[in-house]
Amino acid sequence: MYNQSYEQCIQACLECMEACYVCYDACFGEEDLKMMADCIRMDRECADICAFAAKSMQSNSPFVKQICGLCANICEACGNECKMHDHDHCQKCAEACFKCAEECRKMAS
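Numbering (the numbering used here), first residue to last: 10 to 118.
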């Protein structure tokens, strides 16, 4: 069983992963795909690291601090990209990313 102190961070990672998937999919429906390219790329990368971070915490990996540190950096980058776009899905994604970055930084320290 995993460490209960990871619970909030795992939840934030899973919520961020879901928000990134929603944003990723919705971005493909936007008119200017070229403008959304960086957002789409960051959504995918962020969702992947969030899933990996959650798995690492659930399995008590000895690398949780390093993985969560990297996750925090990627989430922050994704949040910064998403907040530049006015779309509702991007704004919601940015919010989830910043929350996840905050929780992951706690784990990394």
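All C-beta atoms in this analysis are idealised placements derived from N, C-alpha and C, irrespective of residue type, glycine included.
**OP:** With K74 as the anchor, note down where its alpha helix (DSSP H) starts and where it stops.
**Re:** V73 to C91
**OP:** Less than 8 Å between the CB atoms is what I'm expecting for A28 and K101, so what's the real figure, rounded?
**Re:** 6 Å
Subject >> Sequence-distant residues of its chain with Cβ nearer than 8 Å to V31 (five each side left out) >> reply: H98, K101 and C102
**OP:** Can you give me the start and stop residues for the alpha helix (DSSP H) that Q100 sits inside?
**Re:** D97 to A117
Original post:
Which residues mark the beginning and the end of the alpha helix (DSSP H) in which E27 is found?
Top reply: E16 to C36
Original post:
What is the residue span of the alpha helix (DSSP H) that E40 lies within?
Top reply: No alpha helix (DSSP H) holds E40; DSSP gives it neither H nor E.
Original post:
So, do the region 80 to 98 and the region 36 to 52 have three or more beta carbon pairs nearer to each other than 8 Å?
Top reply: yes
Subject >> Option in G88, C18 and S118 with minimal Cα separation from Y33 >> reply: G88
Subject >> Residue of C109, F37 and G78 minimising C-alpha distance to Q17 >> reply: C109
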